Amino acid sequence: MKRSPELRPLSREHNVALKLARDAKQAASSRVERNISEVWRQLSRFWHEEMAAHFRAEEDVIFPLLRGLGQHELVEQLDREHDAMRVVLEDPSRQDRVRLDALGHVLIDHVRREEREAFPILEKLMDEESAQRIRSGLDRLLAHDQREAS
Numbered sequence: 019m020k021r022s023p024e025l026r027p028l029s030r031e032h033n034v035a036l037k038l039a040r041d042a043k044q045a046a047s048s049r050v051e052r053n054i055s056e057v058w059r060q061l062s063r064f065w066h067e068e069m070a071a072h073f074r075a076e077e078d079v080i081f082p083l084l085r086g087l088g089q090h091e092l093v094e095q096l097d098r099e100h101d102a103m104r105v106v107l108e109d110p111s112r113q114d115r116v117r118l119d120a121l122g123h124v125l126i127d128h129v130r131r132e133e134r135e136a137f138p139i140l141e142k143l144m145d146e147e148s149a150q151r152i153r154s155g156l157d158r159l160l161a162h163d164q165r166e167a168s
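FYI, the numbering for the sequence shown is 19 to 168, going by this note's numbering.
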């Protein structure tokens, strides 16, 4: 499916997140500590360099638009998933094999929900004003966070 230009930056990051989620599930099932530790390092780096800003962009720009379109339950679900992933990603003491596997599953389900439910709703119903809000909001939030990571 071809994604609207406004949502492409988030979709690109979703692709990276899906790869890491698959790696997480594979490492967890391998039970090899070195593999598990390496995937946690990759996830931690991705969290600090991209995913934290990605979550903020969705929460500050995308979710309010979805709420405005009456998608309250969907936004609540996406928010709960963000919160669950934050808890694990921000606390190294929670980073074990079982949580790695769970995080992999949650991340895959979350990305699919956004790509298959949330984004198509936005693309179908957004007007030019909403499209501009997405463009400017993502430009501001994602560019700002990339400058901080440098």
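No residue lacks a Cβ here, since even glycine has one placed at the ideal position from N, Cα and C. Since the model is a prediction, treat every value here as computed from it, not as a measurement.
As a quick exercise: from the options, pick the residue whose alpha carbon is nearest that of residue i.
i: residue 80; options: 93, 68, 34 and 145; result: 93
i: residue 112; options: 85, 62, 40 and 34; result: 62
i: residue 155; options: 33, 109 and 82; result: 82
i: residue 115; options: 56, 99, 34 and 129; result: 56
Using C-beta distances below 6 Å, list every residue in its chain close to residue i, excluding the 5 sequence neighbours before and after it, in chain order.
i: residue 149; result: 24
Take the Cβ of residue i as the centre, count every other Cβ of all protein chains shown within 10 Å, and call the residue buried at 16 or more, exposed below.
i: residue 161; result: exposed
i: residue 147; result: exposed
i: residue 110; result: exposed
i: residue 43; result: buried
Consult DSSP for residue i and reduce its assignment to one of helix, strand or coil.
i: residue 95; result: helix
i: residue 124; result: helix
i: residue 49; result: coil
I'd like to know whether the C-beta atoms of residue i and residue j end up nearer to each other than 8 Å.
i: residue 78; j: residue 159; result: yes
i: residue 65; j: residue 107; result: yes
i: residue 40; j: residue 29; result: no
i: residue 118; j: residue 54; result: yes
i: residue 84; j: residue 103; result: no
i: residue 87; j: residue 139; result: yes
Excluding the 5 residues flanking residue i on each side, which residues of the same chain have their C-beta closer than 8 Å to its C-beta?
i: residue 31; result: 68, 69 and 72
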